[in-house]
Amino acid sequence: MATPMKDDSSVLNMPNHTTLNHLATSSIKNGVLATSVSTRYKAKCVTTIVYKPTGDITG
5 MATPMKDDSS
15 VLNMPNHTTL
25 NHLATSSIKN
35 GVLATSVSTR
45 YKAKCVTTIV
55 YKPTGDITG
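Residue numbers are given in the numbering used here: position 57 of the sequence shown equals residue 61, and the series is strictly consecutive.
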């Protein structure tokens with residue numbers, strides 16, 4: 005397996021084991037709520053981010 009380059013912004017750090025399989029949410033900004041979860045599949049880690057409009061546009 006090749007080692008990713010340090011300045012490669014497309015490669016994320018390995019998530020901490022305490023954050024795997026936990027739902028994370030952000031505060032609502034510009035009427036959008038973001039939720040994410042990081043899971044492990046075999047030797048890989050996958051982070052899924054879902055954006056949802058809330059209908060509350062402030063700003």
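Cβ coordinates follow ideal geometry from the N, Cα and C atoms, glycine included.
T43 sits in a strand when the DSSP states are folded into three classes. For V54, same chain residues with a beta-carbon under 8 Å away, outside a window of 5 residues either side, are A38, T39 and S40 in chain order. In chain order, T43 place their CB closer than 6 Å to the CB of V50, counting only its own chain and leaving out the 5 sequence neighbours on each side. According to DSSP, residue pairing for T51 in a beta bridge involves S42. Following the DSSP letters along the chain, one finds T58 in no beta strand (DSSP E), marked with neither H nor E.
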